[in-house]
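2 protein chains.
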Amino acid sequence: MLKKYALNSGKNVKLSAFDPDDTDKFKNKEEIREKFEEMEEKLKELQDKLYASKTHSVLILFQGMDCSGKDGVVKKVLSNLNPQGFRAESFKKPSEDELSHDFLWRTHKVMPAKGYITAFNRSYYEDVLITRVHDTITDGEAAKRLKHIQHFEKLQADNGVLVIKIFLHISKSFQYEKLKERIANPEKHWKFDINDLQERKYWEKYVEAYEDVFTQTGKKSCPWYIVPADERWFRDFLVLKIIVSAMEQLNLEYPTIEIDVSEFS
Amino acid sequence: MLKKYALNSGKNVKLSAFDPDDTDKFKNKEEIREKFEEMEEKLKELQDKLYASKTHSVLILFQGMDCSGKDGVVKKVLSNLNPQGFRAESFKKPSEDELSHDFLWRTHKVMPAKGYITAFNRSYYEDVLITRVHDTITDGEAAKRLKHIQHFEKLQADNGVLVIKIFLHISKSFQYEKLKERIANPEKHWKFDINDLQERKYWEKYVEAYEDVFTQTGKKSCPWYIVPADERWFRDFLVLKIIVSAMEQLNLEYPTIEIDVSEFS
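Sequence lines, in order, name chains R and B.
Under the working numbering, the first residue of the first sequence is numbered 1, with each subsequent residue one higher.
Under the working numbering, the first residue of the second sequence is numbered 266, with each subsequent residue one higher.
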């Protein structure tokens, strides 16, 4: 099932080939409830083994247009994790100090240690997205950065870090509905930013920048997952499934001890 | 003059081709005193322009066997810098937290921001030296790390960081004399470590590991400098010359302002 959402070929990617409204074979939230709960338990167990064995780390990186649900998915899918071994990092507009270093500096600092899971709400990919859309870097600079990102992800892989890259894929009309909702609902006012409305003008440029990111950095060893996100229940279900499935491939095991405790009686 | 000390060809390097006792055309400290003082002034001016313009950063990285004078050169050559824009970082045995991240993590964190100079006493190169000599990593892992280092230095270059790599080259007999001095002189006891004597057994393995480092990472864009270091006055002189000369090539200028101050009278 996951295959159709994974980009790993290095071939030209067209986002229009992916339906933001897709829910695979499922019709509604009820149908997946049981599976979802099973996977939640599975994820907790995997986290526990990860923490105990300290052989690997996990980075889950979320990208997507405004309103695609990056905050929501962290809350819905990752809230059950043991906070002792989990951290959520959010990357806003870079500070002056961050801008005075290379673009990978601020993210490298907060990469997960062995045994830990970290979620990135936005990431170093912003440095080839928003910057490119607004022409603050040239295409040549973007190409260099994409190379640096590939090398950085290889460095992480060599160090036992599993990097899971998730793009939350929404339609432009879905975004419009969500922005209206943020204006209408007083509890969502704090999330509204007039810039989000203005950024809609650049939708197509964002799509192109994302397509280039997927084409250049979707590798077999580190695929991008395009998660249909217009239906939130399916979005959460698929994200959880991707994480559990990727972590299962690490074959995590509790470390064993060989000691004869009676010697200490 | 600097050319004969620079490694940038990618060709097989043999350290035995370099004389640790070399002092170029100079015979003693007196001969270079005036030049040294001139260059000290020049370096202060370059630092000031670097700090003012904030277009570049400078990393000066020192490697060398025990007793090669890494601490000494920082003290003698870099003490006159304005501490506002300069920092010295020293890398000892990695902590548990550092070991639980990729090998570039701890150094990347403390890379100089734009406008700043940082000196590394030891560096990420230790991760392909001491580890390799003591077989805690395989040759294959070392080869991967050397690639990661090349990519990292390219990332820095793309970000306007000048990386100056200096190897302080001493003879084995010089090291022995210095170790004896540390034992004989109560003011140097604190620098003595019994392990330094034991590490002498691995001298040849260190030489081989260094030669591989120079061959793989001595690039035209980022050469290694082999500084003869048995004569300390010449070592300091050459290091200062290398730094000044490399920074001069950045063509640093004070930023200009165009404002008619009479408007604010």
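Beta carbons are placed, not taken as given, at the ideal position from N, Cα and C, and that holds for glycine.
The beta strand (DSSP E) enclosing residue i, as first and last residue numbers
| i | result |
| --- | --- |
| B/Phe432 | 426–434 |
| B/Ser322 | 322–329 |
Beta-bridge partners of residue i, as assigned by DSSP
| i | result |
| --- | --- |
| B/Lys300 | Bridge partners of B/Lys300: none, in fact. |
| R/Ala88 | R/Ala119 |
| B/Ile491 | B/Phe432 |
| B/Ala408 | Bridge partners of B/Ala408: none, in fact. |
| R/Leu43 | DSSP output for R/Leu43 lists no bridge partner at all. |
| B/Leu272 | B/Trp489 |
| B/Lys484 | B/Cys487 |
Span separating the alpha-carbon of residue i from that of residue j
| i | j | result |
| --- | --- | --- |
| B/Ala511 | B/Ile325 | 10 Å |
| B/Asp367 | R/Asn159 | 6 Å |
| B/Ala271 | B/Ile491 | 6 Å |
| B/Arg371 | B/Phe356 | 9 Å |
| R/Asp19 | B/Lys485 | 49 Å |
| R/Gly10 | R/Arg145 | 17 Å |
| R/Pro223 | R/Lys165 | 7 Å |
| R/Val74 | B/Glu391 | 38 Å |
| R/His189 | R/Ile183 | 6 Å |
| R/Gly72 | R/Pro112 | 21 Å |
| B/Ser281 | B/Glu295 | 29 Å |
| R/Thr217 | R/Phe167 | 13 Å |
| R/Lys180 | R/Asp196 | 11 Å |
| B/Lys466 | B/Ile508 | 33 Å |
| R/Glu199 | R/His169 | 16 Å |
| R/Ile149 | R/Gly64 | 18 Å |
| R/Phe62 | B/Leu517 | 40 Å |
| R/Lys35 | R/Leu81 | 17 Å |
| B/Thr396 | B/Ile402 | 6 Å |
| B/Gln349 | B/Tyr519 | 17 Å |
| B/Val472 | B/Leu427 | 26 Å |
| B/His399 | B/Lys470 | 9 Å |
| B/Ile522 | B/Asp501 | 37 Å |
| B/Val478 | R/Phe174 | 54 Å |
| R/Asn8 | B/Lys379 | 36 Å |
Exposure of residue i, with buried meaning 16 or more beta-carbon neighbours within 10 Å
| i | result |
| --- | --- |
| R/Gln249 | exposed |
| B/Thr383 | buried |
| B/Met266 | exposed |
| R/Asp230 | buried |
| B/Pro493 | buried |
| B/Pro451 | exposed |
| R/Asp97 | exposed |
| B/Trp468 | exposed |
| R/Arg33 | exposed |
| B/Val526 | exposed |
| R/Ser68 | buried |
| B/Ile524 | exposed |
| R/Leu155 | buried |
| B/Glu418 | buried |
| B/Ala407 | buried |
Residue range of the unbroken alpha helix (DSSP H) whose run includes residue i
| i | result |
| --- | --- |
| B/Phe457 | From DSSP, B/Phe457 is part of no alpha helix (DSSP H); its letter is neither H nor E. |
| R/Thr107 | 105–108 |
| B/Asp362 | 361–364 |
| B/Tyr441 | 437–449 |
| B/Thr396 | 395–398 |
| B/Phe499 | 497–513 |
| R/Lys201 | Segment: none, R/Lys201 is in no alpha helix (DSSP H) and carries neither H nor E. |
| B/Lys453 | Run containing B/Lys453: none; DSSP gives neither H nor E here. |
| R/Lys76 | 70–78 |
heavy atom of the ligand PLP below 7 Å from residue i C-beta
| i | result |
| --- | --- |
| B/Thr383 | The ligand PLP is not part of this structure, which contains no ligands at all. |
Can you list, in chain order, the residues of the segment 45–71 of chain R whose Cβ is nearer than 9 Å to any Cβ on chain B?
Lys54, Ser57
Given a limit of 7 Å on CB to CB distance, which residues of the segment 149–180 of chain R reach chain B?
His151, Leu155, Gln156, Asp158, Asn159
Using a Cβ cut-off of 8 Å, which residues of the segment 296–309 of chain B contact any Cβ in chain R, in chain order?
none
Closer than 7 Å between beta carbons: that is the criterion. Which residues of the segment 116–150 of chain R meet it against chain B?
Lys144, His148
Taking only beta carbons into account, state which residues of the segment 355–379 of chain B come closer than 7 Å to chain R, listed in chain order.
Asp362, Ser365, His366, Asp367, Leu369, Trp370, His373, Lys374, Met376, Ala378, Lys379
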